[in-house]
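One structure below.
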Amino acid sequence: MSSSPMPHVLLVSAPLQGHVNPLLVLGRHLASRGLLVTFTTAPHAGLKFGHGDGATIDVGRGTIRFEHLKGGDLWAPDDPRYHDPTGVMRRIEEAAPPVLAELIRRQSEAGRPVSCVVANAFAPWATRVARGMAVPHAMLWTESCAVLSLFYHYFHSLADFPSREAGPGATVAVPGLPPLAAGDLPALIHAPEEFLWRQVLIADIRSLRETVTWVLVNTFDELERPTIEALRPHLPVIPVGPLCRGTENHGSGQDDDDDDCVAWLDAQPPRSVVFVAFGSLLQISRDEMSELAEGLAATGRPFLLVVRDDNRELLPDGDHCLAAATGSDSRGKVVAWCDQARVLSHGAVGCFVTHCGWNSTVEALASGVPVVTYPAWADQPTNAKFLADVYGVGVRLPKPMTRDALRRCIEKVMGGPEAVAVRARSAKWKAEATAALSTGGSLEKGIQDFVAAILSICA
Ligand code: UDX
Numbered sequence: 051m052s053s054s055p056m057p058h059v060l061l062v063s064a065p066l067q068g069h070v071n072p073l074l075v076l077g078r079h080l081a082s083r084g085l086l087v088t089f090t091t092a093p094h095a096g097l098k099f100g101h102g103d104g105a106t107i108d109v110g111r112g113t114i115r116f117e118h119l120k121g122g123d124l125w126a127p128d129d130p131r132y133h134d135p136t137g138v139m140r141r142i143e144e145a146a147p148p149v150l151a152e153l154i155r156r157q158s159e160a161g162r163p164v165s166c167v168v169a170n171a172f173a174p175w176a177t178r179v180a181r182g183m184a185v186p187h188a189m190l191w192t193e194s195c196a197v198l199s200l201f202y203h204y205f206h207s208l209a210d211f212p213s214r215e216a217g218p219g220a221t222v223a224v225p226g227l228p229p230l231a232a233g234d235l236p237a238l239i240h241a242p243e244e245f246l247w248r249q250v251l252i253a254d255i256r257s258l259r260e261t262v263t264w265v266l267v268n269t270f271d272e273l274e275r276p277t278i279e280a281l282r283p284h285l286p287v288i289p290v291g292p293l294c295r296g297t298e299n300h301g302s303g304q305d306d307d308d309d310d311c312v313a314w315l316d317a318q319p320p321r322s323v324v325f326v327a328f329g330s331l332l333q334i335s336r337d338e339m340s341e342l343a344e345g346l347a348a349t350g351r352p353f354l355l356v357v358r359d360d361n362r363e364l365l366p367d368g369d370h371c372l373a374a375a376t377g378s379d380s381r382g383k384v385v386a387w388c389d390q391a392r393v394l395s396h397g398a399v400g401c402f403v404t405h406c407g408w409n410s411t412v413e414a415l416a417s418g419v420p421v422v423t424y425p426a427w428a429d430q431p432t433n434a435k436f437l438a439d440v441y442g443v444g445v446r447l448p449k450p451m452t453r454d455a456l457r458r459c460i461e462k463v464m465g466g467p468e469a470v471a472v473r474a475r476s477a478k479w480k481a482e483a484t485a486a487l488s489t490g491g492s493l494e495k496g497i498q499d500f501v502a503a504i505l506s507i508c509a
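Following the numbering used here from start to finish, the sequence shown increments by one per residue and tops out at 509.
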């Protein structure tokens, strides 16, 4: 067995788009600094997101290899059970540890021993495997530092949190964060004890304090400085964001459709288009879809609406809803998926109706596009609170969605008296994100700190 000339970082991702995307961008930054990077996830996710087993990407001075978790008791890539995210989480939790251990051993046999494992959140089993094999390990926290801090304080009983039933007057005071009411907290805080995602999260948060060497967070100093600083005495936090995707293959498998979207946007006036997308998981109801379609049509503005195939299937009269949105006098375009980062950075987009997943939140801020927030679960309520009340780049659409409320919210951020101030704040955040992404910015500093830490353990 010979030693690898460069440190070898093994990235391990839960098989979800919102988790794979930022970890892969992190991999690109590490590889571009000459590190050997291997990316692994469940095989179905590798295929779905565009990088099957055995693929490689050359990035700058380094390479990313894709070697997915195969065999053992994992399901085959074409197994229909992979459509259930909770079932997949449970399966992976049980079946992946020996497969990952074998994959780590194989790297040593191939002369490229793993120097460091980076697992994203919701994969505490990967942390356990790395720890058991005495491999240094880091977690990439794929949500905001605010949400990490809230979970940390909640699961270690370090602050008094309002109960689920408490009104908006009852708030929690966590250092580095504004006062937050029960409705602003991440949904898993008040989820039932037996809920699998909550159990996995608790294991994550415990392993952070006890075993993880570094906690990388997809954020940047300018965005969350007080929160990062307040959390540092508890956890070895390194901000490595914003982990925004560039123009690489993002795994939708619909590159022609993306070009079609851009051609359509090219034909629209500047800042005129309402863009609507709810991430990779959220399923909205038939009523919500109906209100959404009618509300968009009522704005009289051009809109680009993403309705994933799994959402269409759920809607018995989905075609009717879409017809309302795209009828002959409508200005809408409906797609099953698009390259969201590319769409948001297009000058024709004037507003983003979002479920406030953290990736969407960061992409909206980095693009300077005002938002209408419509959070559903997970970290989304907290991100919505920050987007509307802390960053000041949008307004909250009350639940359940109604066509009139949607139309009013869109008008507020696109045409009403508040729109000028909202646009100015959005432009400010875009400038901050651009600075964070530039040479010498927060991202470069975070990546350099992490690379230096890996090099020091390999020396
Ligand atoms: C999940 C959780 O739901 C979210 O709350 C958490 O913060 C991250 O994990 P998801 O719901 O998929 O993520 O939302 P988000 O974090 O916004 O990630 C979606 C990703 O898919 C974004 O990078 C977005 O650019 C991309 N996307 C979405 C597209 O590229 N095209 C689309 O049409 C829709």
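Using N, Cα and C, we set each Cβ at its ideal position, and we do this for glycine too.
Original post:
Contact check, Glu341 vs Thr452 under 8 Å by CB: the rounded distance?
Top reply: 5 Å
Original post:
Does the Cβ of Cys401 lie closer than 7 Å to at least one heavy atom of ligand 1?
Top reply: no
Subject >> Integer-rounded CB distance, given that Asp103 should sit under 8 Å from Gly112 >> reply: About 20 Å; that fails the 8 Å criterion.
Original post:
Can the beta-carbon of Leu355 be found less than 8 Å from the beta-carbon of Val384?
Top reply: yes
**OP:** Could you name each continuous beta strand (DSSP E) segment of 3 residues or more that falls completely within the region 85 to 148, going from the start of the chain to the end?
**Re:** 86 to 90, 106 to 109, 112 to 116
**OP:** Report yes if the C-beta of Val356 is less than 7 Å from at least one heavy atom of ligand 1; otherwise report no.
**Re:** yes
Original post:
Can you list, in chain order, the stretches of the alpha helix (DSSP H) that have 4 or more residues and sit fully within the region 428 to 506?
Top reply: 430 to 435, 453 to 464, 469 to 487
Original post:
Between Leu76 and Leu150, which are expected to be in contact by the criterion C-beta below 8 Å, what is the C-beta distance as a whole number of angstroms?
Top reply: Leu76 to Leu150, Cβ: 18 Å. No contact.
**OP:** For Gly377, I'd like the list of residues in its chain whose CB is within less than 8 Å of its CB, leaving aside the five on either flank, ordered along the chain.
**Re:** Ala347
**OP:** Could you tell me which residues DSSP pairs with Trp191 in its beta bridges?
**Re:** Val267
Original post:
Among Gly466, Ala343, Leu281, which one has its Cα closest to the Cα of Ala373?
Top reply: Ala343
Original post:
Hey, is the region 209 to 216 in contact with the region 286 to 297, meaning 3+ C-beta pairs nearer than 8 Å?
Top reply: no
Original post:
Thinking C-alpha only, which one of Pro450, Leu415, Ser257 is nearest Gly345?
Top reply: Pro450
Subject >> Exposure label - Asp309; buried when at least 16 CB within 10 Å >> reply: exposed
Original post:
Since Ala209 contacts Val222 with CB under 8 Å, what's their CB separation in whole angstroms?
Top reply: 5 Å
Subject >> Coil, strand or helix - Asp309 by DSSP >> reply: helix
**OP:** Confirm, please, whether the CB-CB distance from Ile154 to Val109 is below 8 Å.
**Re:** no
Subject >> Presumed contact (8 Å Cβ cut-off) between His118 and Thr90, rounded CB distance >> reply: 6 Å
Subject >> Check: Asn361 C-beta below 7 Å from any heavy atom of ligand 1 >> reply: no
Original post:
Any idea what DSSP makes of Ala169, helix, strand or coil?
Top reply: strand
Original post:
Between Tyr204 and the rest of its own chain, which residues show a CB-CB distance below 7 Å, the 5 nearest in sequence each way excluded?
Top reply: Phe211, Ile239
Subject >> Assigned secondary structure, Ala237 (DSSP; H/G/I helix, E/B strand, else coil) >> reply: helix
**OP:** Please report the Cβ distance between Ser194 and Thr269, rounded to the nearest whole angstrom; I am assuming they are in contact, meaning their Cβ atoms lie under 8 Å.
**Re:** 6 Å
**OP:** Name the two residues that bound the continuous alpha helix (DSSP H) containing Gly77.
**Re:** 67 to 82
Original post:
Which two residues bound the contiguous alpha helix (DSSP H) that contains Ile252?
Top reply: 246 to 260
Subject >> Where Leu230 falls: helix, strand or coil (DSSP) >> reply: strand
Original post:
First and last residue of the alpha helix (DSSP H) that includes Val393?
Top reply: 390 to 394
Subject >> Ala64 - containing beta strand (DSSP E), residue span >> reply: Premise fails: Ala64 is in no beta strand (DSSP E) and is neither H nor E.
Subject >> Ser395: CB within 7 Å of a non-hydrogen atom of ligand 1 >> reply: no
Original post:
Can you tell which of Val419, Gly84, Leu437 has the C-alpha that lies nearest to the C-alpha of Pro425?
Top reply: Leu437
Original post:
At a cut-off of 7 Å, is Cys195 close to ligand 1 when judged by its beta-carbon and the heavy atoms of the ligand?
Top reply: no
**OP:** Compute the Euclidean distance between the alpha carbons of Ala471 and Tyr441, then round it to the nearest angstrom.
**Re:** 12 Å
Original post:
With a CB to CB cut of under 6 Å and the five nearest residues on each side skipped, what residues in its chain are close to Leu493?
Top reply: Ala486, Leu487
Subject >> Chain-order list of residues whose beta-carbon lies under 7 Å from that of Gln304 (same chain, five-residue window excluded) >> reply: With a pLDDT of 49 at Gln304, under the threshold of 50, the modelled position of this residue cannot be trusted; read the value that follows with caution. Cβ neighbours of Gln304 beyond the five flanking positions: Trp387.
Original post:
If Pro147 sits next to Arg178, beta carbons under 8 Å apart, how far is it from one beta carbon to the other, in whole angstroms?
Top reply: 7 Å
Original post:
Using a Cβ-Cβ cut-off of 6 Å (strictly less than) and excluding sequence neighbours within five positions of Asp123, which residues of its own chain qualify?
Top reply: Ala145
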